[in-house]
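Before any comments, here is the structure.
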Amino acid sequence: MSKKALEGIRVLDFTTMAAGPTAGAMLADYGAEVIKIERPERGEDGRKFPPMIDGESLSHCWFNRGKKSLAVDLRDPEGLEIVKKLIPTATVILENFRPGTMKKYGLDYESVCKIKPDIVYASLTTFGQKGKYVSKPGYDIIAQAMSGIMSVTGEADGAPQKSGFPLGDLLGGLNLFTGVMTALYHWRDTGEGQYVDISLLRTLIYINTPLIHCNLGPERMSKRQGNHHPTMCPYGVFHCKDGDIVLAAAGKRIWESLCDLMGKPEWKEDPEFVEVSDRARNQKKLIALINEWLMETYSGQDEALEALEAAGVPCCKVYNEYQVWSDEEFRANGWLQEAPAMPNMPSMPTFVTRTGNCDMSKTPAQFHRAPLLGEQNVELLKELGYSDEKIAELEARWPHQHL
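Numbering (this note's numbering), first residue to last: 3 to 405.
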């Protein structure tokens with residue numbers, strides 16, 4: 003097999019929960035050696051994320067796939083010394099604590115640079131490292147709220163809605179990965195490390211495309227539209243007898259094909275519907291007409307989708323999670339696959355999960371199981387020159403899981 007894309011890159015991963023671990027796992031997918039630094043006994047809080055199988059977190063198996071685990075107590079001078087001895091061997095450090103936390107341990111960027119000047123050091127927080135919000139506690143839902151994304155999500159006459167999954171955390175983790183990769187590209191060419199500051203809030207502001215309308219004044223800011231688009235119609239969720247479908251017929255050719263399918267060729271010239279802007283302006287009426295046609299003409303989703311696809315109208319079912327998980331095409335494409343759990347999870351030794359973020363022809367992502375807490379303690383301590391007797395002493399002081 004060819005060399006992995008990130009082979010030779012060692013990452014010290016101090017991250018917890020979801021956002022930071024996402025980036026570390028992605029680096030591991032592409033061949034980096036990612037050492038997860040955890041507290042002894044309990045490990046990081048993400049090890050208690052549901053769903054739990056045999057007392058272990060299945061979510062941990064995803065968020066920390068492919069990593070090694072080093073369980074040391076950073077409050078113990080000997081534990082901190084171990085981590086500082088590892089720093090010269092590392093290329094990247096990831097952390098997602100509140101600003102100032104790493105400095106308490108002498109593990110902030112400035113301190114680490116004295117040990118490893120070319121380190122790529124990446125911090126992930128809700129609000130970033132500067133400004134008046136820097137010390138404000140933050141979570142995914144706070145980033146969703148303050149980014150404006152919640153204000154444009156939900157029904158027009160309803161309350162703002164958060165995403166059904168942790169949008170800020172997962173996109174923040176993806177942004178952390180891309181920031182580190184960009185910094186590594188520069189490091190490879192110049193030998194220079196740098197500090198990478200990733201904010202969950204900034205990440206969501208970055209993807210909030212409707213903000214551009216505010217240049218035209220506050221009266222032009224976007225409003226909640228529910229499951230339909232403010233400037234394109236039909237483009238949204240429609241109702242069949244047995245469930246919902248999406249159809250997207252905003253373009254002229256596709257719209258005219260839909261008109262023919264509905265037996266309404268006259269709509270092609272109707273001033274209310276002829277242009278996409280006309281249809282958007284009159285979308286309340288048009289959406290009701292399309293819903294009525296779907297309910298009266300077809301027995302359900304499958305029949306309606308077959309007719310729409312034959313007419314060249316982009317459409318699909320609105321999948322629930324189980325339909326995504328069980329879709330044979332997704333598995334055939336390699337987007338979902340069976341992966342190993344941890345060895346102390348006999349009730350579920352493997353599980354079906356998402357795979358890499360993309361396909362790569364030469365250096366594809368490779369999945370490996372998540373570590374038990376402190377599973378690589380002996381391996382890493384021996385690398386640093388600790389004797390068997392000293393390792394036994396430290397393991398007694400910092401209990402963790404064993405194979």
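Glycine included, each C-beta is placed from N, C-alpha and C at the ideal position.
Here residue 149 is buried. Its C-beta has 16 or more other C-beta atoms within 10 Å.
Rounded to the nearest whole angstrom, the CA to CA distance from residue 268 to residue 261 is 8 Å. About 10 Å separates the Cβ atoms of residue 325 and residue 245, ruling out a contact at the 8 Å cut-off.
Residue 343 places its beta carbon less than 8 Å from that of residue 353.
Taking residue 130 as reference, the option from 205, 360, 5 and 92 with the minimal CA-CA separation is 205. With a beta-carbon spacing of about 25 Å, residue 98 and residue 155 fall beyond the 8 Å limit used to define contacts. In this structure, the alpha-carbon of residue 218 lies about 12 Å from that of residue 212.
Closest by C-alpha distance to residue 307, out of 7, 242 and 278, is 242. In the DSSP secondary-structure assignment, residue 124 is bridged to 96 and 198. Going by DSSP, residue 15 is part of no alpha helix (DSSP H) but of the beta strand (DSSP E) stretching over 12-15. In the structure shown, residue 81 adopts helical secondary structure according to DSSP, grouped into three states. About 19 Å separates the Cβ atoms of residue 198 and residue 135, ruling out a contact at the 8 Å cut-off. If you draw a 10 Å sphere on the C-beta of residue 386, you find fewer than 16 other C-beta atoms in it, and that means exposed. Taking residue 400 as reference, the option from 9, 194, 259 and 76 with the minimal CA-CA separation is 76. For the pair residue 169 and residue 146, the CB atoms are nearer than the 8 Å cut-off. Proximity of the stretch 28-47 to the stretch 312-319 falls short of the contact definition, fewer than three beta-carbon pairs being nearer than 8 Å. Close CB contacts of residue 46 within its chain, under the 7 Å cut and outside five residues either way in sequence, are with 18 and 40 (chain order).
Between residue 120 and residue 193, the C-beta spacing is below 8 Å.
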